[in-house]
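Visitor:
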Amino acid sequence: MNPTMIAQMIINGILIGGIYAVISIGLNIIFGVLKVINFAHGEFLMLSMYASYWLCALYGLNPYIALPLTTAIMFVFGVALERILIKPLLKAPPINQLLSTAALMLVLQNVALVLWHADYRSLTIKTFSIRLGDIYISGHRLIALIGALATTLLFYYFLMKTDTGRRIRAVAQDPEVSSILGINVPLIQTLTFGLGAALAGIAGALMISIYFVYPTVGTSFGLMAWIIIVLGGLGSFIGAFVGSFIIGLIESIAATIWSLELAKAIAFIVFLLVLFFKPTGLFGEKARV
Amino acid sequence: MDLKSLKIYIPLIAILFLIPLIPMPGYVMHTLILVFLWAYLATAWNILGGFAGQLSLGHAAFFGIAAYTSYFMLTWYNISPWIGMFIGGIAAVALSIIIGYPCFRFGIREVYFALATIAFAEIMKDIFIYLRDITGGSLGIWLPHLGTNPLYFQFEEKWPYYYVIVTMWLVSLIIFKGMKRLREYLIAIREDEDVAASIGINITKYKLLALAISSFFTGLGGVFYFQYFRYINPHIAFGLETSLEMALIAIFGGMYSLWGPTIGSMILTPIAEYLRITLGGTYAGSHLIIYGVLLILVIRFLPKGVYGFYERITLRKLTSTVARKGE
Amino acid sequence: MALLEIKNVSKRFGGLWALRNVSFEVEEGEIIGIIGPNGAGKTTLFNCITGFYKPDTGRIVFRGEDITGLPPYAICKKGITRTFQLTKAFNNLTVFDNVRIAALTKLKDMKEAEKEALNILEILGLSDKKYEIAGNLTVLERKRLELARALATKPKLLLLDEVMAGLKPAEIDEILEVVRDINKRGVTIIIVEHVIRAIMNVCKRVVVLDYGKKIAEGPSNEIVKDPRVVKAYLGEEYVA
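Here it is in structure tokens:
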């Protein structure tokens with residue numbers, strides 16, 4: 169394998185890692201604050217991609233211009249979902265949460281199937297590449313990476329430096345104490361879930377120019393997101409970020425050497441190894457359950 | 078099994094076996110076959126899920142590996158699927174030990190166990206897609222067409238399949254009903270592992286046993302599925318949807334009894350088939366919307382499932398082997 | 285030969301030694317007490333004996349056989365059963381089922397186990413509660429259930445972990461009666477307790493732990509007056 173291939177492989181890994189990062193950070197913050205196993209996160213991504221698609225296909229918008237709108241739609245969706253479905257689940261045993269959100273996953277996937285059929289859709293967008301010597305970087309993937317990094321930085325800043333962000337972190341650390349300190353915990357929970365969905369919304373808006381959208385497009389991303397946050401350490405922001413790139417690289421390397429399917433299988437094997445030998449993940453503390 | 082229950086069961090079983098004599102449209106017989114198939118699969122799943130309390134969401138791995146194994150036995154060695162079924166079952170058991178032993182040994186429980194089983198099933202799926210030269214990849218495989226060949230488990234008519242699946246369902250229920258001591262130990266493990274260990278129950282051994290039994294029977298079901306539908310692909314064989322359906326039907330019907338999963342299938346499967354028939358192929362999967370919503374409602378409001386609810390409203394006296402949750 | 289020999293058992297968690305070179309012996313047929321302030325390592329010791337923890341050093345020998353590090357179910361099969369400090373039970377099953385399943389692990393036969401369970405419930409005074417759901421019992425009843433369950437496994441050695449905790453004085457007397465009764469049936473008993481009165485009443489011999497080490501051992505009436513023991517309990521009331 170020559171250096172060009174290796175470089176290409178690594179770059180592809182980083183590019184996909186960026187996308188995983190935006191998805192995983194959203195999932196991670198939901199788990200960190202609400203302690204809820206959200207198995208339907210991949211479907212938020214799917215819905216966001218459809219939202220992007222329809223906004224652009226029907227109104228001729230550019231997906232990047234429509235990104236704020238897509239994100240807002242997903243935020244509202246997340247908030248509504250939290251109030252209706254998730255709030256009652258907060259007190260339930262984790263396995264019930266898993267089953268309920270897995271059921272939600274089935275529902276969302278198949279509603280999408282009924283509404284928009286199984287056709288693979290994509291926007292007619294001009295693709296472009298940037299060339300560095302013999303290496304080609306897909307333009308839209310690069311935009312997605314930049315978007316992902318920007319989003320991560322902004323979100324990090326939001327969590328660390330703003331009042332609301334601090335409140336979110338407080339609730340993630342200890343809901344009871346936060347409540348005593350006067351933080352409106354249910355509101356923060358709703359807000360966080362909405363933010364998690366919104367982050368998936370951003371990811372979807374970025375991805376519509378790269379991937380086809382179809383009802384089950386979200387499932388594998390959703391599963392990967394779970395692998396990533398377990399690998400990174402449940403609840404750890406850094407863990408989710410770093411884990412995304414690790415998985416992205418593993419996938420890219422494995423896909424280049426063997427095939428994409430094996431790449432996914434290897435990611436799952438890594439997940440299992442982490443589960444058996446270090447369930448707290450790379451950056452996590454106490455394992456839950 | 079006492080005389081009074083025999084008086085109820087024998088006529089019911091007789092009716093079951095006489096049903097194919099009634100003239101009925103093909104889709105009705107098809108629905109009946111599916112009702113018993115999913116009842117059978119959900120019951121098998123429930124040995125691990127409901128009785129031992131280990132909720133596996135990757136059970137399709139056993140379903141799929143048995144189906145493909147039986148296919149290879151047929152196409153490579155000309156072994157009849159009747160025998161291939163049992164070889165497939167053994168393959169499923171072997172796989173279950175590979176999955177189960179590390180999990181139980183490392184004390185992987187509850188949510189982490191569910192995630193691990195999902196991971197295993199996905200790995201199987203990805204491997205089988207990758208090995209497309211042998212397995213046909215995503216396109217799947219078709220059973221070689223043998224017409225009506227009873228020795229090779231193929232029939233042009235539907236009714237023989239009905240008898241096979243009803244027999245499988247019945248025999249498995251009889252076997253499970255007879256495993257009284259095992260069921261008690263599994264219930265103990267489910268209720269409190271520490272207490273169960275402190276009274277002398279070998280947790281790892283019995284969990285593995287439950288898994289092996291569950292996977293064996295699931296495997297047989299997988300072969301039946303393939304023989305009946307004559308087509309399978311890695312998404313059906315190992316997919317999350319298939320695994321979730323098995324679990325869902327059992328939980329909806331009632332995880333805490335032997336009959337619950339059957340009740341679940343009797344309610345849900347006809348709904349699914351009705352939707353499939355009226356809405357057509359473009360809406361394949363629409364039944365899952367209903368299944369999903371029902372599961373969410375059941376988890377929230379009827380944790381013991383439909384059967385548990387029925388027990389509650391008829392105030393039946395607890396028999397020793399049925400546990401109540403959340404009273 | 286002593287029934288149980290604890291030889292130099294130590295257990296650490298991270299940097300903290302919960303048990304440090306603890307050694308003592310338990311003779312067949314006796315009731316021996318283990319006392320010590322909170323955090324002294326009493327429950328850790330029980331967990332080591334019963335296989336819930338593996339000791340980092342030392343041996344545990346039961347009836348001449350080294351049982352160190354065996355898993356909990358194996359320990360039970362060898363003849364040692366424990367109760368739990370915070371009572372545990374199969375909360376969603378009936379009292380009868382709780383005891384019956386325990387009996388089943390020893391007797392293997394369903395009918396025999398049912399008979400045995402009914403017997404034991406009689407002894408423990410739980411017969412009229414047998415179809416009650418275990419989770420609905422009062423604290424005292426739950427303690428009785430723990431004892432019933434333990435008895436059903438036909439132990440040679442019974443480890444009681446703070447079985448008096450949370451009971452009123454009259455209830456303590458009741459349980460003490462049951463404990464004496466179990467002992468008369470030939471079961472050796474080790475009691476971990478805080479309630480000194482209980483220890484005085486029923487144990488001839490007492491082992492005292494403090495910060496994971498054994499600081500004293502001897503007849504109960506002497507031990508309680510031992511200055512080292514009083515010092516360890518500094519600030520605690522002695523309830524005569």
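Residue numbers (the numbering used here), protein chains in the order written: chain A, 169 to 457; chain B, 78 to 404; chain C, 285 to 524.
C-beta: ideal position from N, C-alpha, C; glycine also.
Can you pull out the residues from the segment 275–288 of chain B whose beta carbon lies closer than 9 Å to at least one beta carbon of chain C?
Guide: The segment 275–288 of chain B vs chain C, Cβ under 9 Å: Ser275, Ile276, Gly277, Ile278, Asn279, Ile280, Thr281 and Lys282.
Visitor: Tell me, please, whether the CB atom of Val523(C) is closer than 7 Å to any CB atom in chain B?
Guide: Bear in mind that the predicted position of Val523(C) carries a pLDDT of just 46, short of 50, making it too unreliable to give a figure here.
Visitor: Leaving out the 5 sequence neighbours to the left and right, which residues in its chain are closer than 7 Å to Ser220(A) when beta-carbon positions are compared?
Guide: Taken in chain order, the residues that qualify are Pro231, Ala234, Thr238, Gly372, Ala373 and Ile376.
Visitor: With DSSP as the reference, please indicate the residues paired to Gly502(C) in a beta bridge.
Guide: Gly502(C) is bridged to Val490(C).
Visitor: Which whole-angstrom value is the C-beta distance of Leu172(B) and Ile195(B), which I expect to be below 8 Å?
Guide: Actually they are not in contact, since the Cβ atoms of Leu172(B) and Ile195(B) sit about 15 Å apart, beyond 8 Å.
Visitor: Does any C-beta atom of chain B lie closer than 7 Å to the C-beta of Ile360(C)?
Guide: Here residue 360(C) is Cys; the residue named in the question, Ile, does not match the sequence. So, interface residue.
Visitor: Going along the chain, which unbroken runs of the beta strand (DSSP E) with 3 or more residues stay wholly within the segment 289–336 of chain A?
Guide: Counting only runs of 3 or more, we get 297–300 and 303–306.
Visitor: Ignore the nearest five residues each way along the sequence and tell me which others in Glu289(C)'s own chain have a CB closer than 6 Å to its CB.
Guide: Result list for Glu289(C): Glu309 and Val345, in chain order.
Visitor: For Asp445(C), write down the residues that DSSP places opposite it in a beta bridge.
Guide: Val476(C).
Visitor: Hey, Leu352(B) and Ser363(B) are a contact pair by Cβ (cut 8 Å); roughly how many whole angstroms apart?
Guide: 5 Å between Cβ atoms; contact.
Visitor: May I ask you to report which of helix, strand or coil DSSP gives Arg469(C)?
Guide: In this structure, Arg469(C) counts as coil in the three-state DSSP scheme.
Visitor: Quickly, what does DSSP pair Thr341(C) with across the bridge? List them, please.
Guide: Ser294(C).
Visitor: So, are the CB atoms of Ser347(A) and Ile373(B) less than 7 Å apart?
Guide: It is not a contact, given that the beta carbons lie outside the stated cut-off.
Visitor: Tyr178(B) CB to nearest chain A CB: under 7 Å?
Guide: With 7 Å as the cut-off, Tyr178(B) does not count as an interface residue toward chain A.
Visitor: So, does the CB of Pro432(A) fall closer than 7 Å to a CB anywhere in chain B?
Guide: It is worth fixing the name first, because residue 432(A) is Lys in this sequence and not Pro. By this cut-off, Lys432(A) is an interface position.
Visitor: Could you tell me which of Phe386(B), Tyr229(B) and Asp271(B) sits nearest to Ile156(B), measuring between CA atoms?
Guide: Checked all of Phe386(B), Tyr229(B) and Asp271(B); the closest Cα to Ile156(B) is Tyr229(B).
Visitor: By a C-beta neighbour count over all protein chains shown, 10 Å radius and 16 as the cutoff for buried, is Leu365(B) buried or exposed?
Guide: Buried, since its Cβ has 16 or more Cβ neighbours within 10 Å.
Visitor: In terms of residue numbering, what span does the beta strand (DSSP E) encompassing Ile300(C) cover?
Guide: Before going on, a small fix: residue 300(C) reads as Leu here, not Ile. Taken as a continuous stretch (DSSP letters only), the beta strand (DSSP E) holding Leu300(C) covers Leu300 to Val310.
Visitor: Are the beta-carbon atoms of Val379(C) and Gly342(C) separated by less than 7 Å?
Guide: Not a contact, by the Cβ cut-off of 7 Å.
Visitor: Measuring only between beta-carbons, confirm whether Ala271(A) sits less than 7 Å from chain B.
Guide: For Ala271(A), the answer is yes, since a Cβ of chain B falls inside 7 Å of its Cβ.
Visitor: Is it a yes or a no for the segment 348–367 of chain A touching the segment 380–392 of chain A, going by three-plus beta-carbon pairs under 8 Å?
Guide: The segment 348–367 of chain A, when compared against the segment 380–392 of chain A, does not touch it at the 8 Å Cβ threshold.
Visitor: Quick one: which chain C residues come within Cβ less than 7 Å of Ala265(B)?
Guide: Ordered by position in chain C, the residues that pass the 7 Å Cβ test against Ala265(B) are Phe374 and Ile385.
Visitor: Is the Cβ of Val188(B) closer than 7 Å to any Cβ of chain A?
Guide: With 7 Å as the cut-off, Val188(B) counts as an interface residue toward chain A.
Visitor: For Phe205(B), I'd like the list of residues in its chain whose CB is within less than 6 Å of its CB, leaving aside the five on either flank, ordered along the chain.
Guide: If we look at Phe205(B) and ignore the five residues flanking it on each side, its Cβ neighbours are Thr212 and Pro311.
Visitor: Strictly by DSSP, which residues pair up with Val381(A)?
Guide: For Val381(A), which the question treats as bridged, DSSP gives the partners Arg289(A).
Visitor: Under a three-way DSSP split, which group does Gly186(A) fall into?
Guide: Note: Gly186(A) maps to helix in three-state DSSP.
Visitor: According to DSSP, is Ala325(C) part of a helix, a strand, or is it coil?
Guide: Reading off the sequence shown, one finds Gly at residue 325(C), where the question assumed Ala. Gly325(C): coil per DSSP, three-state reduction.
Visitor: Go to Thr365(C), then tell me how far its beta strand (DSSP E) extends in each direction, as first and last residue.
Guide: Taken as a continuous stretch (DSSP letters only), the beta strand (DSSP E) holding Thr365(C) covers Ile364 to Arg366.
Visitor: Is the Cβ-Cβ distance between Ala327(B) and Pro338(B) less than 7 Å?
Guide: Yes, Cβ-Cβ distance for Ala327(B) and Pro338(B) is below 7 Å.
Visitor: Considering Cα atoms alone, identify which of Pro339(C), Glu396(C), Ala432(C) and Asn403(C) is closest to Leu354(C).
Guide: Ranking Pro339(C), Glu396(C), Ala432(C) and Asn403(C) by Cα distance to Leu354(C) puts Pro339(C) first.
Visitor: Please list the residues of the segment 340–354 of chain B that have a C-beta atom closer than 7 Å to any C-beta atom in chain A, keeping them in chain order.
Guide: So the list is empty, because no residue satisfies the distance condition.
Visitor: Taking its Cβ as the centre, do 16 or more other Cβ atoms sit within 10 Å of Ser504(C), making it buried, or is it exposed?
Guide: Classification of Ser504(C): buried, given that the 10 Å Cβ count is 16 or more.
Visitor: Say whether chain A places a C-beta atom closer than 7 Å to the C-beta of Glu233(B).
Guide: It does not; no Cβ of chain A falls within 7 Å.
Visitor: How would you label Phe378(B), buried or exposed, when you count the other beta carbons within 10 angstroms and need 16 or more for buried?
Guide: Counting Cβ neighbours within 10 Å, Phe378(B) comes out exposed, since fewer than 16 surround it.
Visitor: Just how far apart, CA to CA, sit Glu419(A) and Asn375(C)?
Guide: In a straight line, the C-alpha of Glu419(A) is about 46 Å away from that of Asn375(C).
Visitor: Can you tell which of Ile309(B), Thr108(B), Ile290(B) and Leu216(B) has the C-alpha that lies nearest to the C-alpha of Met256(B)?
Guide: Out of Ile309(B), Thr108(B), Ile290(B) and Leu216(B), Ile290(B) has the C-alpha closest to the C-alpha of Met256(B).
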